[in-house]
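Colleague:
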Amino acid sequence: MTKTMSIRMDPENFEFLQELTKEQKSDLSKAVREMVTRGRVLLAVERYKKGEASLGRAARLAGVRVGQMMTLLSEFGVESRIEEEDYRHGLTTLHKAW
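With our numbering as the guide, the letters of the sequence shown map in order to residues -16 to 81.
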């Protein structure tokens, strides 16, 4: 279910969004949704990189699955903070669950 909202914005950002909609032959609502989605990803990458968010938390911030978040982090050149021991522990836990 979608929600409707009204926001105030400075003229410079509004003009930027209008230009973007013209370039992409889209509408303003779609451009704003796209910017929010991209902003969520950037926020998640930044927080993970600074150590302020775990991989799972970063994935939730970005609105993606953990595997997708790992791919995004790689695309942004962010190295994994998962140590070999953590990785092995995860594999052991997975093996026990199956």
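Ideal Cβ placement from N, Cα and C applies to all residues, glycine included.
How many Å lie between M18 and L11 at the Cα?
Modeller: On the sequence shown, position 35 is the one that residue 18 refers to. On the sequence shown, position 28 is the one that residue 11 refers to. Between M18 and L11, the C-alpha separation is close to 11 Å.
Colleague: Could you spell out the range, first to last residue, of the alpha helix (DSSP H) harbouring F(-3)?
Modeller: As a working note, residue -3 is residue 14 in the sequence shown. Start and end: -6 to 7.
Colleague: Quick one: grab the DSSP three-state call for A80.
Modeller: The residue labelled residue 80 in the question sits at position 97 within the sequence shown. DSSP places A80 in helix when its eight states are reduced to three.
Colleague: Smallest Cα separation from E23: which of R64, R43, S57?
Modeller: Indexing the sequence shown from 1 puts residue 23 at position 40. The question names Glu, but residue 23 in the sequence shown is Arg. Nearest of R64, R43, S57 to R23, Cα basis: R43.
Colleague: Taking only the alpha-carbon atoms, compute the straight-line gap between L56 and Y70 and give it to the nearest angstrom.
Modeller: On the sequence shown, residue 56 is found 73 positions in, with the first residue counted as 1. On the sequence shown, residue 70 is found 87 positions in, with the first residue counted as 1. Going by the C-alpha atoms only, they are around 17 Å apart.
Colleague: Give me the Cβ distance between F(-3) and V28, rounded to the nearest whole Å; I'm assuming they're in contact under 8 Å.
Modeller: Position 14 of the sequence shown, counted from the first residue, corresponds to residue -3. Position 45 of the sequence shown, counted from the first residue, corresponds to residue 28. The pair is not a contact, with the Cβ atoms about 26 Å apart (cut-off 8 Å).
Colleague: Under the three-state reduction of DSSP, which class applies to A36: helix, strand or coil?
Modeller: Start at 1 with the first residue of the sequence shown, and residue 36 comes out as number 53. Coil at A36, not helix or strand.
Colleague: Assuming the contact rule is C-beta atoms closer than 8 Å, Y31 and L38 should be a hit. Round their C-beta distance to whole Å, please.
Modeller: Sequence index remark: in the sequence shown, residue 31 carries index 48 (1-based). Sequence index remark: in the sequence shown, residue 38 carries index 55 (1-based). So it is a contact: roughly 7 Å between Cβ atoms.
Colleague: Between T4 and the rest of its own chain, which residues show a CB-CB distance below 7 Å, the 5 nearest in sequence each way excluded?
Modeller: Numbered from 1 along the sequence shown, position 21 holds the residue referred to as residue 4. If we look at T4 and ignore the five residues flanking it on each side, its Cβ neighbours are D10, L11, A14.
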